[in-house]
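**Q** Be aware that the sequence shown starts at 26, since it is given in this note's numbering, and climbs by one per residue.
Built from N, CA and C at the ideal position, the CB exists for glycine as well.
Keep in mind that this is a model prediction, so the values were computed, not measured.
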Amino acid sequence: SFYRKNFIFFQISPYKEIKSIVYLEEFKNYTFFNDKICVLKDNSVEHLDGEKMLEGDFSQFTDIYMINDNIVLSGNKYLKIFEICRNNSENEKKVFSVENIHSYFIKCDCFFIGYAVTLIGRKNLIDIKKENQLLGTLTFPENITSVISDTLVTKVYSGSESGKIYFSSLEDNNCLEHILYFHESSIIQLKMSFCEKFLYSLDSNGKIAVWNTEYNNFLGFNNFEAESMLVCCENEVGDFQNEDFVK
26 SFYRKNFIFF QISPYKEIKS IVYLEEFKNY TFFNDKICVL KDNSVEHLDG EKMLEGDFSQ
86 FTDIYMINDN IVLSGNKYLK IFEICRNNSE NEKKVFSVEN IHSYFIKCDC FFIGYAVTLI
146 GRKNLIDIKK ENQLLGTLTF PENITSVISD TLVTKVYSGS ESGKIYFSSL EDNNCLEHIL
206 YFHESSIIQL KMSFCEKFLY SLDSNGKIAV WNTEYNNFLG FNNFEAESML VCCENEVGDF
266 QNEDFVK
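1) Can you tell me which of Ile131, Ile106, Ile33 puts its alpha carbon nearest to the alpha carbon of Glu42?
2) Heavy atom of the ligand FAD less than 7 Å from the Cβ of Val97, yes or no?
3) Measure the alpha-carbon distance for Ser45 versus Arg29 and round it to whole angstroms.
4) Ignoring anything shorter than 3 residues, give me the beta strand (DSSP E) runs that lie fully in the region 34-106, in order along the chain.
5) How should Asp228 be labelled, buried or exposed, when 16 other C-beta atoms within 10 angstroms of its C-beta is the threshold for buried?
6) Could you check the C-alpha separation between Glu209 and Gly188 for me, to the nearest Å?
7) Just to confirm the assignment, what range does the beta strand (DSSP E) spanning Ala234 have?
8) Does any CB atom of chain B fall closer than 8 Å to the CB of Gly139?
9) Excluding the 5 residues preceding and the 5 following Glu221 in the sequence, name in chain order all residues of the same chain whose CB lies nearer than 7 Å to its CB.
10) Could you tell me the distance, in whole angstroms, from the CA atom of Glu261 to the CA atom of Gly100?
11) Report yes if the C-beta distance between Ile37 and Val70 is below 8 Å; otherwise report no.
12) Consult DSSP for Asp175 and reduce its assignment to one of helix, strand or coil.
13) With Lys132 and Lys105 assumed to form a contact (beta carbons below 8 Å), what rounded beta-carbon distance in angstroms separates them?
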């Protein structure tokens, strides 16, 4: 975790703090590459020790991801993909190389980057991609504004302009299976709890709804400012089983 200029490392089992690194420089987001922390800045992507991985104007990007051998930067309705070359040697771990990096843009209305696939939304279509291979496309009756899936990509939730949330099961020929009704304005963000038992949906009016992903049933809602979504979901509030919240 990153808190007040400190990267804090935890051991999972048994749970305990094992290391803390102070990082005073400003950055926008971070990810991991070859067991190292990489930070996104306005003019570079670099390791905490200052070793630069990429240089350029990245002021329009807000998030960074590592997918296979690619660095993915996300901005407003587009992604920029940097294809990274890794060199192997018998006595060393994989070494990062910035030579001859190929990059390209993907324009989109929404996207979700998971461990197994990337979901790219354009108007009423969601492309399901693994690396550069198109695995399939989901089609909807209206434009999609937000999308997310579970880790195994068996469940895909797509938020729409009208506020409907479309549920698709990729185990059953990519068919549309269910529509979740509650919101009356455009869905601007979807997020799952860490255990993936709960789905959180935020609309443009500031309402957050909570859904059970096993049965896709509505559990409750509350009104928040849009900026509160990430904090609220990451703290999870006991996976939103708090009785007062549901009321």
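**A** Inspection of the coordinates gives the following:
1) Counted from its first residue, the sequence shown places residue 42 at position 17. Comparing Cα positions, the closest option is Ile33.
2) No copy of the ligand FAD appears in this structure; indeed no ligand is present at all.
3) Within the sequence shown, numbered from 1, the residue matching residue 45 stands at position 20. Within the sequence shown, numbered from 1, the residue matching residue 29 stands at position 4. Distance between the alpha carbons of Ser45 and Arg29: 11 Å.
4) Those beta strand (DSSP E) runs which fall completely within the region 34-106 and span 3+ residues are 41-47, 54-58, 61-65, 69-72, 77-80, 88-92, 95-99.
5) Within the sequence shown, residue 228 is the residue found at index 203, counting from 1. The residue in question, Asp228, is buried, as its Cβ has 16 or more Cβ neighbours within 10 Å.
6) Looking up residue 209 in the sequence shown gives position 184. Looking up residue 188 in the sequence shown gives position 163. Cα atoms of Glu209 and Gly188: separation of roughly 5 Å, rounded to the nearest angstrom.
7) Counted from its first residue, the sequence shown places residue 234 at position 209. Segment 232-237, the beta strand (DSSP E) holding Ala234.
8) The structure shown contains no chain B, having only a single protein chain.
9) Indexing the sequence shown from 1 puts residue 221 at position 196. The residues are Asp175, Thr176, Thr238.
10) The sequence position of residue 261 within the sequence shown is 236, counting from 1. The sequence position of residue 100 within the sequence shown is 75, counting from 1. Low confidence applies to Glu261: its pLDDT is 41, below 50, so where it sits in the model is not reliable enough to give any reading.
11) In the sequence shown, residue 37 corresponds to position 12, counting from 1. In the sequence shown, residue 70 corresponds to position 45, counting from 1. Result no, Cβ atoms of Ile37 and Val70 do not sit closer than 8 Å.
12) Here residue 175 refers to the residue found at position 150 of the sequence shown. It is coil, neither helix nor strand.
13) Locating residue 132 in the sequence shown gives position 107, where the first residue counts as 1. Locating residue 105 in the sequence shown gives position 80, where the first residue counts as 1. Wrong, their Cβ atoms sit about 10 Å apart, outside the cutoff.
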